[in-house]
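So the structure is just underneath, and the comments pick up after that.
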Amino acid sequence: MKKWAPYLFISPFFILFAVFSLFPLLFSIYLSFNQWEAASGVEAMQWVGLDNYKYALSDPWFLRSLGNTVWLALASGVPQHLVAIPLAAFIHNSFKRSRNLVIGIYFLPFITSSVAIAMVFNTLFSRDYGQINVLLQWCASLPLIGGLFPAESIDWLGSSLFIKPAVAFVIFWRYLGWNLVLYLSALQVIPKDLYEAATIDGASKRQQFWYITLPQLRPMIYLAVTLTIMGNLQLFEEPFVLVAESSGVSQSVMTTAIFVYKTAFSSGDFGTASAISWLLFLIIASTTWVNNRIFSRNERNERKEAK
Amino acid sequence: MKSSILGAAPLAALTLAFGVAAAPATPTVLPQAAPLPALAPATITVASFPDLDRAVKTALPLWEKLYPQVKVKLVSLQIDDHHNSMTTALAAGARLPDVMAIDFRYVGSFAESKGMEDLLQLPYGAGQYRALFVPFTFVQATSARGTLGAMPADLGPGTLFYRKDLMDKAGIQETDLTQSWESYIAAGKKLKAATGTYLLAGASDLADIYIRANLKDGEGIYFGDKGQVLVDSPRFVKAFELAKAARVAGIDARTVAWTGEWAEGFKRDKVASQMMGSWLSGHLAKWLAPDSKGQWRAANLPAGALASYGGSFYGIPKKAANKTQAWEFIKFMTVNKDIQLHSLKEIGAFPALKAAYADPMMDEPQPYFGGQKTRLLARDTAAKIPVIRVDKFDAVARDIVNMELESVLAQNKDIKTALADAKALITHRARR
Chain A
1 MKKWAPYLFI
11 SPFFILFAVF
21 SLFPLLFSIY
31 LSFNQWEAAS
41 GVEAMQWVGL
51 DNYKYALSDP
61 WFLRSLGNTV
71 WLALASGVPQ
81 HLVAIPLAAF
91 IHNSFKRSRN
101 LVIGIYFLPF
111 ITSSVAIAMV
121 FNTLFSRDYG
131 QINVLLQWCA
141 SLPLIGGLFP
151 AESIDWLGSS
161 LFIKPAVAFV
171 IFWRYLGWNL
181 VLYLSALQVI
191 PKDLYEAATI
201 DGASKRQQFW
211 YITLPQLRPM
221 IYLAVTLTIM
231 GNLQLFEEPF
241 VLVAESSGVS
251 QSVMTTAIFV
261 YKTAFSSGDF
271 GTASAISWLL
281 FLIIASTTWV
291 NNRIFSRNER
301 NERKEAK
Chain B
308 MKSSILGAAP
318 LAALTLAFGV
328 AAAPATPTVL
338 PQAAPLPALA
348 PATITVASFP
358 DLDRAVKTAL
368 PLWEKLYPQV
378 KVKLVSLQID
388 DHHNSMTTAL
398 AAGARLPDVM
408 AIDFRYVGSF
418 AESKGMEDLL
428 QLPYGAGQYR
438 ALFVPFTFVQ
448 ATSARGTLGA
458 MPADLGPGTL
468 FYRKDLMDKA
478 GIQETDLTQS
488 WESYIAAGKK
498 LKAATGTYLL
508 AGASDLADIY
518 IRANLKDGEG
528 IYFGDKGQVL
538 VDSPRFVKAF
548 ELAKAARVAG
558 IDARTVAWTG
568 EWAEGFKRDK
578 VASQMMGSWL
588 SGHLAKWLAP
598 DSKGQWRAAN
608 LPAGALASYG
618 GSFYGIPKKA
628 ANKTQAWEFI
638 KFMTVNKDIQ
648 LHSLKEIGAF
658 PALKAAYADP
668 MMDEPQPYFG
678 GQKTRLLARD
688 TAAKIPVIRV
698 DKFDAVARDI
708 VNMELESVLA
718 QNKDIKTALA
728 DAKALITHRA
738 RR
């Protein structure tokens, strides 16, 4: 009994891992080589080899969904970091007691329910009744600068031209707080001596940010960017809840994850959906690898320079 | 076997018993001495979605009086979540309900699935009720193999709802709206000029209803009888042309059905008409436009078009635990006239059971529609709707057609090219 006791005690993790992670993973690989109409039960599976992969790669909607995903990932991901880093430095230096409150306010969108977000932004983006258009029209009526703003209401979620930026903005708004928290935690462990020494040497605040803060933040930038790449390439919730699936323009923000969902549940083609999921996995893995190479090369170069 | 006592006799007795109820919309009268089937005690799970779940909820007190030993557990999810959850439950063959509500958009794929009981087979023998229903509803739930995946509960005869007060202001008669599709668009221009109101919520609604209208018996919306893709046929060309004409004329509010913006259009008197299934009357009165009570009217679709728009069904999964009780419950919800009328009153679900059409309730004036007898209109339309074949790829085809229509409306894509692209993509997606 004593021999088995340790295995018994650690078994809950392995059982849960096997049931909820390992089995779905292996089943999904197996499924990607089968054609399966799920509603007909497991016995309806048919082995088709690589057909699902060939079929997915020849589907124009798959390629379009990849394009949409990359567009949204870049348009919402890049500004997240460009804003979060200086903002984190600003909050770190400027707020003392009220810092946690400010962080909390920025972090709030991250923990808000996506349904609530959809309702709020649908109302704000509404063409005829939305506050964004009301504000733009008020700006357009101002003297001198009025000409810079559109006089006509913009159909944010109904036109293929504006729907992508509108959705990207919501993603940016939602995940900015998350990155802010990551960068703030990294800022707190930068030794104060570095800044003190720099101040004595006469370095300006801007120089301190550029030559101390940014290099010290590099490990966290690497982590945050990796998380953004992985998260943004799997984008689902925001475009899904913001845009009515039945609308024609919904294709403009149909990400690969949404396409997987549609292929499985709308077309009832679970095999192809699994194949697309694995193609997406390969894309995410290779992008993360490239990101890793870029960061580690920079680090190597720096180490060489230091020597 | 308990199933041997199931069938027409007890059902007829049940119907007779309900017949004595004075107010069919709130059936509370117990059957007198009807020989009800001796169902074994059980708790059956009914999986449904809003608003259809209300039809079950309000009929439950009577069910419990008839069969106190059979408890009903109603589980309800939002419509798409419900169907997704049912698909995964069928895939896994676990956690399946005893009775599964199915919306018409999904009935094709569920009927084709081998996970549902064939209700034509014994002990169900649903074939004996076929003549009691509006013909196209039974066909919608029949698979290519000839099996019946579900029983029809309600249907949606295509109806044109319009605001009488706004039309009066612009000097538009009902015949201007219904005479032809062209006169409908012309009326929209007149309305926009006189009142600034849009005639349509979205130009795509026009195409959507046109492609369902005037099908021949046995024809499918997107697929022909040999599975061929029909989306480049003249029906689709005309549907796209009409939608484009409405967009160019500026008479559509460019909103998508069931979005907040769409609902606001009705609430704020910005949209003066909507073509949809007759069940929209319930939504208009309850939450879309309760303030404009008395101002709405219902009419036939333009150019005498006949279309089926929506409907609900009940089926039994093969791996359900209590099939006998489930079948009795499905009959209770579908073959019973009074329960069907009850659903009509409660949620505006138009009965699929023809026996309900002779009831005086059909003749009741509707205060929301200024006293108009809208149920008679829906009844007459329902009787004439052709039998439309459904296909498991209908939902896929609809998505693709919607996307191409959007390219035509917003990006000026050529209609013929758009439809050719749609055909190629649907063929690819349906692997045909």
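Protein chains in written order, with our numbering: chain A, 1 to 307; chain B, 308 to 739.
Where is the CB? At the ideal position from N, CA and C, for every residue including glycine.
query: Between the Cα of F295(A) and those of W210(A), M119(A) and I221(A), spot the shortest distance and give me the residue it belongs to.; result: I221(A)
query: I'd like to know whether the C-beta atoms of V379(B) and A633(B) end up nearer to each other than 8 Å.; result: no
query: What is the residue span of the beta strand (DSSP E) that T352(B) lies within?; result: A349 to S355
query: Are the stretch 186-194 of chain A and the stretch 171-178 of chain A touching, with three or more C-beta to C-beta distances below 8 Å?; result: no
query: Do you know how far the Cα of A665(B) is from the Cα of F440(B)?; result: 13 Å
query: Would you mind telling me which residues of chain B sit closer than 9 Å to V42(A), beta carbon to beta carbon, in chain order?; result: A398, A399 and G400
query: With a cut-off of 8 Å, does the C-beta of G158(A) fall near any C-beta of chain B?; result: yes
query: I need the straight-line Cα distance from K497(B) to L467(B), nearest angstrom please.; result: 18 Å
query: Just tell me which of K205(A), E245(A), Y183(A) and V70(A) has its CA closest to the CA of Q216(A).; result: Y183(A)
query: With a threshold of 8 Å between beta carbons, is P12(A) in contact with chain B?; result: no
query: Applying the criterion that 16 or more other CB atoms from any shown protein chain within 10 Å of the CB defines a buried residue, is V115(A) buried or exposed?; result: exposed
query: To be precise: take each residue of the stretch 412-432 of chain B, compare its Cβ to all Cβ atoms of chain A, and keep it if any distance is under 7 Å. Which residues remain?; result: S416, F417, S420, K421 and G422
query: Is any heavy atom in the ligand GTP found nearer than 7 Å to the beta carbon of N291(A)?; result: What this structure holds is no ligand at all, so the ligand GTP is not there to describe.
query: Counting only runs that start and end within the stretch 366-409 of chain B, where is the alpha helix (DSSP H) found for 4 or more residues in a row?; result: 386-399
query: Say whether chain A places a C-beta atom closer than 8 Å to the C-beta of M458(B).; result: no
query: May I have the straight-line CA-CA distance separating T485(B) from A610(B), to the nearest angstrom?; result: 6 Å
query: When the cut-off is 8 Å and only beta carbons count, does K699(B) lie next to chain A?; result: yes
query: Quick one, are the C-beta atoms of A366(B) and I646(B) less than 8 Å apart?; result: yes
query: Tell me the DSSP secondary structure of G622(B) in three-state form.; result: strand
query: Classify V336(B) as helix, strand or coil using the three-state DSSP reduction.; result: Any reading at V336(B) must be qualified, since the residue scores a pLDDT of 44, below 50, and its modelled position is unreliable; no value is offered.
query: Taking the C-alpha atoms as reference points, what is the distance between K309(B) and A347(B)?; result: Here the model assigns K309(B) a pLDDT of 34, short of 50, so the residue's position is not dependable, and the following value carries that caveat. C-alpha separation (whole angstroms): 8 Å.
query: Along the chain, where does the alpha helix (DSSP H) that runs through M230(A) open and close?; result: L214 to L233
query: If we count the other Cβ atoms within 10 Å of its Cβ and call it buried at 16 or more, is Q447(B) buried or exposed?; result: buried
query: Ordered along the chain, which non-local residues of its own chain (more than five positions away) have a Cβ less than 7 Å from that of E548(B)?; result: I722
query: Nearest CA to the CA of E152(A): which residue from T287(A), R174(A) and D128(A)?; result: D128(A)
query: How long is the line joining the alpha carbons of L595(B) and F356(B), rounded to whole angstroms?; result: 19 Å
query: Roughly how many whole angstroms lie between the Cα atoms of L587(B) and D358(B)?; result: 12 Å
query: Can you tell me the Cα-Cα spacing of N52(A) and I528(B), whole angstroms?; result: 27 Å
query: Considering only residues of the stretch 533-570 of chain B, which uninterrupted alpha helix (DSSP H) runs meet the minimum length of 4 residues and lie entirely inside it, listed in chain order?; result: 541-556
query: Could I get the ranges of all uninterrupted beta strand (DSSP E) runs contained in the stretch 603-668 of chain B, with 3 residues as the minimum, in chain order?; result: 603-606 and 615-622
query: Measuring CA to CA, which of M640(B), D483(B), L712(B) and F657(B) is closest to R686(B)?; result: F657(B)
query: Can you tell which of A362(B), R361(B) and P375(B) has its C-alpha closest to the C-alpha of T350(B)?; result: P375(B)
query: Apply the 10 Å Cβ neighbour rule to L321(B) and answer buried if 16 or more other Cβ atoms are within range, or exposed otherwise.; result: With a pLDDT of 38 at L321(B), under the threshold of 50, the modelled position of this residue cannot be trusted; read the value that follows with caution. Classification of L321(B): buried, given that the 10 Å Cβ count is 16 or more.
query: Please classify D706(B): does DSSP put it in a helix, a strand, or coil?; result: helix
query: What residues from chain B crowd round T123(A), counting only those whose CB sits closer than 7 Å?; result: G567
query: Using the Cβ count rule (16 or more neighbours within 10 Å means buried), how would you classify N719(B)?; result: exposed
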